[in-house]
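All residue numbers for the sequence shown refer to my numbering, where the first residue is 149 and numbers rise by one.
The beta-carbon is built from N, C-alpha and C at its ideal position, and this holds for glycine as well.
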Amino acid sequence: MSSKTYIDQLGREVVLPEIPKRIICLVPSITELVAYFEMDNEVVGITKFCIYPTTWFQSKERIGGTKNIDIDKVSSLHPDLIIGNKEENTKDDIAALMAIAPVWMSDVNSIEDANELISCLAEIFNKEDKGHQLIGDLKKYFLSHASEGAGKSVLYFIWHSPGFVAGKNTYIDSYLTAIGYQNCVTMDRYPDISTLESLDPDVVFLSSEPFPFNESHVAYYKELFPNAEIKLVDGERYSWYGVRTLLC
149 MSSKTYIDQL
159 GREVVLPEIP
169 KRIICLVPSI
179 TELVAYFEMD
189 NEVVGITKFC
199 IYPTTWFQSK
209 ERIGGTKNID
219 IDKVSSLHPD
229 LIIGNKEENT
239 KDDIAALMAI
249 APVWMSDVNS
259 IEDANELISC
269 LAEIFNKEDK
279 GHQLIGDLKK
289 YFLSHASEGA
299 GKSVLYFIWH
309 SPGFVAGKNT
319 YIDSYLTAIG
329 YQNCVTMDRY
339 PDISTLESLD
349 PDVVFLSSEP
359 FPFNESHVAY
369 YKELFPNAEI
379 KLVDGERYSW
389 YGVRTLLC
């Protein structure tokens, strides 16, 4: 079987079959992307959080969660490609999986990174036309939503007690900026709100994931930020890069 060397988003060389035939995906948003590339027959395993497409969630073999992967089950599926993510999967799991099959790692911290991911997987799957189409559709989407935030300052919560918020060098920040908001947080990644100086955002977003914010939390945050509009938002829209962006 012929093979080809690819560079993943961690800068690692990954040698893969010309077109992988047995794929395991450890990242929910990327599972949906792989489905977009029409790799139904090739995908043999997904995580319990890979809820899209629904038909795959109902029918594909599940190999645990994103951070507690069943290594033995993965091995039993004899993959020739495993797709992981620097943030969503653990170093120990990825190290164990690398002994089983080639692991292509993603690292998405901006819209540009997401487009690179799409382009890279399109090349691996020999689906370049579909990749170009999706990237083009995403660019149109962000152009059409560019003034949605109207320049308002925003604070985006991903967790409650402790109150972690989305900062710079995250896909969420890139998304917020692209649709016209200004992130109040200037620190990188996901700092605890208690470590930040006093903030006075125009809008506070309470995301539906990873912490399931709901109406019961609104009053608490209204007390913390009396001048802000408190909004419950769909976490899939702001953090699931790729296909889901066009569907939320």
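Check                                                                                                                                                                          : Outcome
Helix, strand or coil for Gly390? Go by DSSP, reduced to three states.                                                                                                         : coil
Report yes if the CB atom of Ala314 is closer than 7 angstroms to the CB atom of Ile320, and no otherwise.                                                                     : yes
Here's the rule: buried if 16 or more other CB atoms are within 10 angstroms of the residue's CB, otherwise exposed. What is Thr214?                                           : buried
Residues in its own chain within less than 8 angstroms of Phe290 by CB, not counting five upstream and five downstream?                                                        : Ile259, Ala326, Ile327
What beta strand (DSSP E) runs, 3 residues minimum, are completely inside the region 185 to 239?                                                                               : 191 to 194, 229 to 233
Nearest by alpha-carbon distance to Ser301: which of Ala376, Lys169, Ala244, Asp277 is it?                                                                                     : Ala376
Pick helix, strand or coil for Cys268, following the three-state DSSP scheme.                                                                                                  : helix
So which of Asp382, Arg385, Asp336, Tyr304 has the shortest CA-CA distance to Asn317?                                                                                          : Asp336
Assuming Pro310 and Asp261 make a contact with CB atoms under 8 angstroms, what is their CB distance in whole Å?                                                               : Wrong, their Cβ atoms sit about 27 angstroms apart, outside the cutoff.
Out of curiosity, what's the CA-to-CA distance linking Ser177 and Ile231?                                                                                                      : 11 angstroms
Any contact of the region 161 to 178 with the region 190 to 210, i.e. 3+ C-beta pairs under 8 angstroms?                                                                       : yes
Between the alpha carbons of His280 and Ser342, how many angstroms are there, rounded?                                                                                         : 42 angstroms
Just to confirm my understanding: we take Val333, look at its own chain, exclude 5 residues before and 5 after, and list those with CB closer than 6 angstroms. What are they? : Val313, Gly315
Is it buried or exposed for Tyr386, if we count other Cβ within 10 angstroms and need 16 for buried?                                                                           : buried
Classify Val352 as buried or exposed, calling it buried when 16 or more other Cβ atoms lie within 10 Å of its own Cβ.                                                          : buried
So what does DSSP say about Ile283, is it helix, strand or coil?                                                                                                               : helix
Between Val156 and Met253, how many whole angstroms is the CB-CB distance? I'm expecting something under 8 angstroms.                                                          : For clarity, residue 156 is Asp in the given sequence; the question names Val instead. With a Cβ gap of about 5 angstroms, Asp156 and Met253 count as contacting.
Alpha carbons only, please: which of Ser150, Asp241, Ala270 is nearest the one belonging to Ala183?                                                                            : Ala270
Can you find the residues in the same chain that come closer than 8 angstroms, C-beta to C-beta, to Arg392, ignoring five residues on each side of it along the sequence?      : Ser177, Glu180, Tyr200, Glu384, Arg385
Is Ser364 buried or exposed, if buried means 16 or more other CB atoms sit within 10 Å of its CB?                                                                              : exposed
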